[in-house]
Amino acid sequence: MNSNKRPEAMQRITTPELAKAFIDEQIQAIRAEVGEKKVLLALSGGVDSSVVAALLIKAVGKQLVCVHVNHGLMRKGESEQVIEIFGKELDANLIYIDATDRYLDKLAGVSSPEEKRSIIGAEFIRIFEEEARKLDGIEFLAQGTIYPDIIESDGVKAHHNVGGLPADLQFRLVEPLKLLYKDEVRIVGEELGLPHAMVYRQPFPGPGLGVRCLGAITRDRLHALREADAILREEFDRCGLAERVWQYFIAIPDLKSVGVRDGKRYEGWAAIIRAVNTVDAMTATVEDIPYPILHRITDRITKEVEGINRVVYDLTPKPVGTIEWE
Ligand code: XMP
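Quick note on the numbering used here: the sequence shown kicks off at 22 and runs consecutively.
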C-alpha cells in the first residue's frame, strides 16, 4: 500500500467486478489507516479528485472534509455539479468557497501566461491553507494522485501543489489511486456510482479558463468565453463528437475586429475553436469537424453570446502549435 511502484503482477482493472474488488480492498485499507481521524481533500471536480472523494465517502463518510474552491475560471455549470453530486446526492461534508473575486482581482491586468499560472496556483494554496487552519483535528490529506503522476513527476500534482503548504501544516497523505492508470480510475469511478459525464470528462487544465481567456483576463471576455465554450460542448454532445474527441474548447484572444449587426458596424471578439485528438498530449492532431456542425456552432455563438462577432477554427497540429493557446 505504501509503495509507489506498481507490482508487475497487479491485475489491470478492466471490468466492474475488478473495480468492485479494488474498492472493497481500498475501503478496508483506508479505514485501517485513518481510524477515527479526519481527512481533508481539495475537490476540483476533475476525474481523479472526484473518484477519491467518492471512495473516501464510502470508507469514512463524514470524516472526509472536501473543499471545493471555485476560482471563477471553471467551465459553465462545473461548480454547481460538484455541489449537486457531492453536497446533495452523496451528502458529503463539503466546504464550497466562491473565490471568484479574489482570483479575478489578483489577475486583473496580468497578461503573462506564466504569471497568470503562478498567481492561480499560489492563490489556491493560500485559500486551501486558510481553510485547513479553520478546521480542527485534520490529520490526513487525500490526493487524487494517479500512476502517471508518479511516473512523470515526483508524485505531487502540479496544480494541487500541496508541496507549497507551510511546515506546520503537514498531513499524512492518503492516495488510494496512486497505482492506477486513468482508464482504471474511470472504471472505479463508474462502479462508485459517479455520473458517466463526470468520469469520462475531457482533460481540463488546473488554471481553467484562465489560460483560454488570452492575455489579461477581463470579466466580460471571461463571461463570453464561458458561454461560447458551453455552446461548443452542447453541440459536441448533440452530434456525438464529445464521445470521440480528446479535448475541445474555445479560446478568446484579447483582440477585437470589426463586424456588422443590424446594419451597424461594431467591434467584437473572435472565438477560436480547438478540437484535438492525442494519446499522451505530447503530439496532437486536429479533428475533422464536418462543415455543417462548424456552421451551426458559429451561428449559435455569434447569435447567443454577447461580444463575439467571429468564430474561427484552429487547424494547427501539435507540433507546431501546443494544444492550449498559452
Ligand atoms: P499543451 O498546451 O502544452 O497542453 O499542448 C497539453 C495538455 O496539458 C494541459 N495543460 C495544463 N494542465 N495545468 C494543467 O493542469 C496547466 O497549466 C496546463 N497547461 C496545459 C492541456 O489542457 C492539454 O491537455
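Don't be surprised by glycine CBs; every beta carbon is placed ideally from N, CA and C. Keep in mind that this is a model prediction, so the values were computed, not measured.
Throw me the rounded Cβ distance for the G289 and G328 pair, which I believe falls under 8 angstroms.
Rounded, the Cβ-Cβ distance is 6 angstroms, consistent with contact.
Pair every Cβ in the segment 100-112 with every Cβ in the segment 122-129, then say whether three or more of these pairs are closer than 8 angstroms.
Result no; under three Cβ-Cβ pairs closer than 8 angstroms.
Would you mind giving the Cβ-Cβ distance between V72 and V206, rounded to the nearest angstrom? I have them listed as a contact below 8 angstroms.
Between V206 and V72 the Cβ distance is about 5 angstroms, and since that is below 8 angstroms, they are a contact.
Give a yes or no on whether the minimum CB-CB distance between N114 and chain D is below 9 angstroms.
Although the question refers to chain D, the structure presented lacks it and comprises just one protein chain.
One question on the structure: do Q58 and E160 come within less than 9 angstroms of each other, judged by their Cβ atoms?
Checking the sequence, you will find Lys at residue 58 rather than Gln. Yes, they are a contact pair.
Could you check what DSSP says for Y334 in three-state terms: helix, strand or coil?
Three-state result, Y334: strand.
Give the range of the alpha helix (DSSP H) segment to which F149 is assigned.
Per DSSP, F149 belongs to the alpha helix (DSSP H) from 134-155.
Taking C-alpha atoms, which residue in I271, F192, Y312 lies nearest to A245?
With distances taken between Cα atoms, A245 lies closest to I271.
Run through DSSP, which three-state label would G289 get?
Looking at G289 - three-state DSSP - the assignment turns out to be strand.
Within this structure, are the beta carbons of V209 and I51 separated by less than 9 angstroms?
No, the pair does not count as a contact, with Cβ atoms beyond the cut-off.
Under the three-state reduction of DSSP, which class applies to E212: helix, strand or coil?
E212: helix per DSSP, three-state reduction.
Quick one: measure Cβ to Cβ for I148 and V232, integer angstroms, because I've assumed they're closer than 8 angstroms.
Actually they do not touch by this definition, with Cβ atoms about 19 angstroms apart.
Any heavy atom of ligand 1 inside 8 angstroms of the beta-carbon of G261?
G261 Cβ: outside cutoff for every heavy atom of ligand 1.
Rounded to whole angstroms, what is the Cα-Cα separation between F145 and L190?
Going from the Cα of F145 to the Cα of L190 covers about 15 angstroms.
So the candidates are L128, G67, Q268, Y287; which of them puts its Cα closest to the Cα of I310?
Minimum Cα distance to I310 is reached at Q268.
Exposed or buried, what is K137 when buried is set at 16 or more other beta-carbons lying within 10 Å of its beta-carbon?
Under this definition K137 is a buried residue.
I'd like the span of the beta strand (DSSP E) that includes E160, first residue to last.
Looking at the DSSP string, the run of the beta strand (DSSP E) that includes E160 is 159-163.
What are the boundary residues of the alpha helix (DSSP H) that includes F107?
Per DSSP, F107 belongs to no alpha helix (DSSP H) and is neither H nor E.
Give every residue of the same chain whose Cβ lies closer than 7 angstroms to the Cβ of A188, excluding the five residues on either side of it in the sequence, and list them in chain order.
Counting only Cβ-Cβ distances below 7 angstroms, and skipping sequence neighbours, we find nothing.
Quick check: what's the CA-CA separation for P169 versus N25?
Each residue's Cα considered, the two are about 11 angstroms apart.
Going by the CB atoms, is the gap between L162 and R193 shorter than 9 angstroms?
Yes; because the gap between Cβ atoms is below 9 angstroms, this pair is in contact.
Count the C-beta pairs between the segment 211-220 and the segment 247-254 that are closer than 8 angstroms, then say yes if the count reaches three, no if not.
The segment 211-220 is not in contact with the segment 247-254.
Residues in the same chain with beta-carbon distance under 7 angstroms from K83, minus the five sequence neighbours each way, listed in chain order, please.
Counting only Cβ-Cβ distances below 7 angstroms, and skipping sequence neighbours, we find N114.
Report the residue from L94, L111, E256 whose alpha carbon sits nearest the alpha carbon of G142.
Considering only alpha carbons, the answer is L94.
Can you list the alpha helix (DSSP H) stretches of 4 or more residues lying completely in the segment 236-293, in chain order?
Fully enclosed alpha helix (DSSP H) runs of 4 or longer: 240-259.
The beta strand (DSSP E) that contains R193, what's its start and end?
Its beta strand (DSSP E) spans residues 193-195.
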